[in-house]
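S.K.: Handing you a structure now.
Residue numbers (this note's numbering): 4 to 167.
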(Lines of atoms letter the chains of each structure in order from A and count residues from 1; the text may use other names and numbers.)
(Lines give C-alpha, C1' and ligand atoms only; values in the text may rest on other atoms or scores of the structure.)
Protein backbone atom coordinates (compact mmCIF):
# COMPACT_ATOMS: atom_id res chain seq x y z
CA UNK A 1 0.00 0.00 0.00
CA UNK A 2 1.44 3.33 -1.08
CA UNK A 3 1.80 6.13 1.47
CA UNK A 4 0.36 8.82 -0.82
CA UNK A 5 -2.75 9.16 -3.00
CA UNK A 6 -1.32 10.56 -6.26
CA UNK A 7 0.16 7.31 -7.61
CA UNK A 8 1.61 7.79 -11.09
CA UNK A 9 1.62 11.58 -10.90
CA UNK A 10 5.27 11.88 -12.02
CA UNK A 11 4.00 10.99 -15.49
CA UNK A 12 2.16 14.28 -15.95
CA UNK A 13 2.24 17.98 -15.21
CA UNK A 14 1.58 19.74 -13.02
CA UNK A 15 2.93 17.77 -10.09
CA UNK A 16 0.54 17.51 -7.12
CA UNK A 17 0.21 20.60 -4.93
CA UNK A 18 1.14 20.45 -1.27
CA UNK A 19 4.43 18.59 -1.84
CA UNK A 20 8.03 19.67 -2.35
CA UNK A 21 8.91 19.30 -6.02
CA UNK A 22 12.22 18.26 -7.53
CA UNK A 23 13.05 18.67 -11.19
CA UNK A 24 16.57 17.90 -12.35
CA UNK A 25 17.68 17.55 -15.97
CA UNK A 26 21.14 17.10 -17.42
CA UNK A 27 22.55 16.20 -20.85
CA UNK A 28 24.32 12.86 -21.25
CA UNK A 29 25.62 13.24 -24.79
CA UNK A 30 24.83 11.41 -28.00
CA UNK A 31 24.78 7.71 -28.83
CA UNK A 32 24.20 6.75 -25.19
CA UNK A 33 20.43 6.28 -25.14
CA UNK A 34 20.38 2.46 -25.17
CA UNK A 35 23.07 2.22 -22.50
CA UNK A 36 21.41 4.81 -20.25
CA UNK A 37 17.95 3.26 -20.66
CA UNK A 38 19.26 -0.17 -19.70
CA UNK A 39 21.20 1.22 -16.74
CA UNK A 40 18.09 2.90 -15.38
CA UNK A 41 15.70 0.01 -15.99
CA UNK A 42 18.05 -2.59 -14.43
CA UNK A 43 18.88 -0.44 -11.36
CA UNK A 44 22.57 -0.28 -12.41
CA UNK A 45 22.46 3.51 -12.26
CA UNK A 46 21.21 3.42 -8.68
CA UNK A 47 23.83 0.87 -7.66
CA UNK A 48 26.58 2.93 -9.32
CA UNK A 49 25.75 5.84 -6.99
CA UNK A 50 26.61 3.61 -4.04
CA UNK A 51 22.98 3.04 -3.06
CA UNK A 52 22.21 -0.45 -1.83
CA UNK A 53 19.36 -1.81 -3.93
CA UNK A 54 17.46 -4.87 -2.86
CA UNK A 55 14.87 -6.29 -5.19
CA UNK A 56 13.78 -9.72 -6.37
CA UNK A 57 13.53 -8.48 -9.96
CA UNK A 58 16.35 -7.75 -12.38
CA UNK A 59 14.36 -5.06 -14.15
CA UNK A 60 11.92 -2.30 -13.23
CA UNK A 61 8.28 -3.13 -13.91
CA UNK A 62 5.04 -1.98 -12.32
CA UNK A 63 4.56 -3.80 -9.02
CA UNK A 64 8.26 -4.56 -8.47
CA UNK A 65 9.21 -3.73 -4.90
CA UNK A 66 12.65 -2.56 -3.97
CA UNK A 67 14.47 -1.16 -0.99
CA UNK A 68 16.95 1.64 -1.50
CA UNK A 69 19.55 1.77 1.24
CA UNK A 70 22.02 4.45 2.22
CA UNK A 71 24.00 3.79 5.37
CA UNK A 72 21.59 2.72 8.09
CA UNK A 73 18.52 4.11 6.25
CA UNK A 74 16.23 1.84 4.25
CA UNK A 75 13.60 3.22 1.89
CA UNK A 76 10.94 0.74 0.72
CA UNK A 77 9.43 1.60 -2.67
CA UNK A 78 7.38 0.07 -5.44
CA UNK A 79 7.64 0.73 -9.18
CA UNK A 80 4.41 2.38 -10.34
CA UNK A 81 5.17 2.87 -14.02
CA UNK A 82 7.81 2.14 -16.63
CA UNK A 83 8.53 3.51 -20.09
CA UNK A 84 10.42 1.58 -22.77
CA UNK A 85 10.00 3.52 -25.98
CA UNK A 86 12.41 4.24 -28.86
CA UNK A 87 13.30 7.70 -27.48
CA UNK A 88 12.12 7.53 -23.86
CA UNK A 89 12.84 5.03 -21.07
CA UNK A 90 12.74 4.90 -17.31
CA UNK A 91 10.49 4.35 -14.34
CA UNK A 92 8.82 5.97 -11.38
CA UNK A 93 8.56 4.51 -7.91
CA UNK A 94 6.38 5.38 -4.97
CA UNK A 95 6.95 5.22 -1.26
CA UNK A 96 5.72 2.39 0.94
CA UNK A 97 5.27 2.29 4.73
CA UNK A 98 8.64 2.62 6.47
CA UNK A 99 10.04 5.15 3.97
CA UNK A 100 11.30 8.42 5.46
CA UNK A 101 9.24 10.38 2.92
CA UNK A 102 5.95 9.95 1.15
CA UNK A 103 5.63 10.63 -2.54
CA UNK A 104 7.04 9.55 -5.87
CA UNK A 105 10.29 9.84 -7.81
CA UNK A 106 10.90 9.20 -11.51
CA UNK A 107 14.12 8.54 -13.42
CA UNK A 108 13.90 9.05 -17.17
CA UNK A 109 16.21 9.22 -20.17
CA UNK A 110 15.03 10.85 -23.39
CA UNK A 111 16.53 11.39 -26.84
CA UNK A 112 15.48 14.67 -28.47
CA UNK A 113 15.01 15.39 -32.20
CA UNK A 114 18.67 16.47 -32.49
CA UNK A 115 19.94 13.18 -31.04
CA UNK A 116 20.94 14.66 -27.66
CA UNK A 117 20.21 12.33 -24.74
CA UNK A 118 18.88 13.86 -21.53
CA UNK A 119 18.50 12.38 -18.05
CA UNK A 120 15.88 13.74 -15.69
CA UNK A 121 14.64 13.16 -12.18
CA UNK A 122 11.18 14.36 -11.23
CA UNK A 123 9.81 13.96 -7.72
CA UNK A 124 7.22 15.17 -5.28
CA UNK A 125 7.53 14.36 -1.60
CA UNK A 126 6.87 15.30 1.99
CA UNK A 127 8.51 14.08 5.20
CA UNK A 128 6.76 11.00 6.58
CA UNK A 129 8.85 10.19 9.63
CA UNK A 130 10.50 12.23 12.39
CA UNK A 131 14.04 11.86 11.02
CA UNK A 132 13.04 13.40 7.69
CA UNK A 133 11.09 16.18 9.41
CA UNK A 134 14.08 17.00 11.62
CA UNK A 135 16.37 16.91 8.59
CA UNK A 136 14.47 19.79 6.99
CA UNK A 137 16.69 21.57 4.45
CA UNK A 138 19.39 18.89 4.75
CA UNK A 139 16.90 16.24 3.61
CA UNK A 140 15.94 18.37 0.59
CA UNK A 141 19.62 18.88 -0.22
CA UNK A 142 20.23 15.12 0.01
CA UNK A 143 17.48 14.45 -2.53
CA UNK A 144 18.99 17.02 -4.94
CA UNK A 145 22.48 15.58 -4.46
CA UNK A 146 21.17 12.07 -5.17
CA UNK A 147 19.59 13.24 -8.45
CA UNK A 148 22.94 14.70 -9.52
CA UNK A 149 24.75 11.52 -8.43
CA UNK A 150 22.43 9.52 -10.68
CA UNK A 151 23.34 11.75 -13.63
CA UNK A 152 27.06 11.33 -12.93
CA UNK A 153 26.61 7.56 -12.60
CA UNK A 154 24.92 7.37 -16.01
CA UNK A 155 27.68 9.41 -17.62
CA UNK A 156 30.29 7.02 -16.22
CA UNK A 157 28.36 3.87 -17.08
CA UNK A 158 27.77 5.02 -20.66
CA UNK A 159 31.00 6.84 -21.41
CA UNK A 160 32.01 6.29 -24.99
CA UNK A 161 35.62 5.23 -25.50
CA UNK A 162 37.84 7.95 -26.87
CA UNK A 163 39.22 7.22 -30.33
CA UNK A 164 42.04 9.24 -31.74
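Cβ atoms here follow ideal geometry from the backbone N, Cα and C, with glycine treated the same way.
These figures come from a predicted structure and were not determined experimentally.
Once you ignore the five residues that flank residue 168 on each side, which residues in its own chain have a CB closer than 7 angstroms to its CB?
M.R.: The structure shown does not extend to residue 168, since the chain is modelled only from 4 through 167, so no value can be given for it.
S.K.: Please classify residue 167: is it buried, with 16 or more other beta-carbons within 10 angstroms of its beta-carbon, or exposed?
M.R.: Walking along the chain shown from the start, residue 167 turns up at place 164. Confidence at residue 167 is low in this model, with a pLDDT of 42, below 50, so the placement of that residue is unreliable and no value is reported for it.
S.K.: When you compare each of 75, 25 and 8 to residue 144 by their alpha carbons, which one comes out closest?
M.R.: Position 141 of the chain shown holds residue 144. Among 75, 25 and 8, the Cα nearest to that of residue 144 belongs to 25.
S.K.: So, helix, strand or coil for residue 174, using DSSP?
M.R.: The requested residue 174 is not part of the displayed model; the chain covers only 4 to 167.
S.K.: The alpha helix (DSSP H) that contains residue 153, what's its start and end?
M.R.: Taking the chain shown and counting its residues from 1, one reaches residue 153 at position 150. Segment 140-160, the alpha helix (DSSP H) holding residue 153.
S.K.: By alpha-carbon positions, which one of 83, 98 and 147 ends up nearest to residue 28?
M.R.: Locating residue 28 in the chain shown gives position 25, where the first residue counts as 1. It is 147.
S.K.: Take residue 47 and list the residues in its own chain whose beta-carbon comes closer than 7 angstroms to its own, dropping the five residues that flank it on each side.
M.R.: Within the chain shown, the letter at position 44 stands for residue 47. Hits under 7 angstroms: 160.
S.K.: Quick check on residue 30: does DSSP put it in helix, strand or coil?
M.R.: Mapped onto the chain shown, residue 30 falls at position 27. Strand at residue 30.
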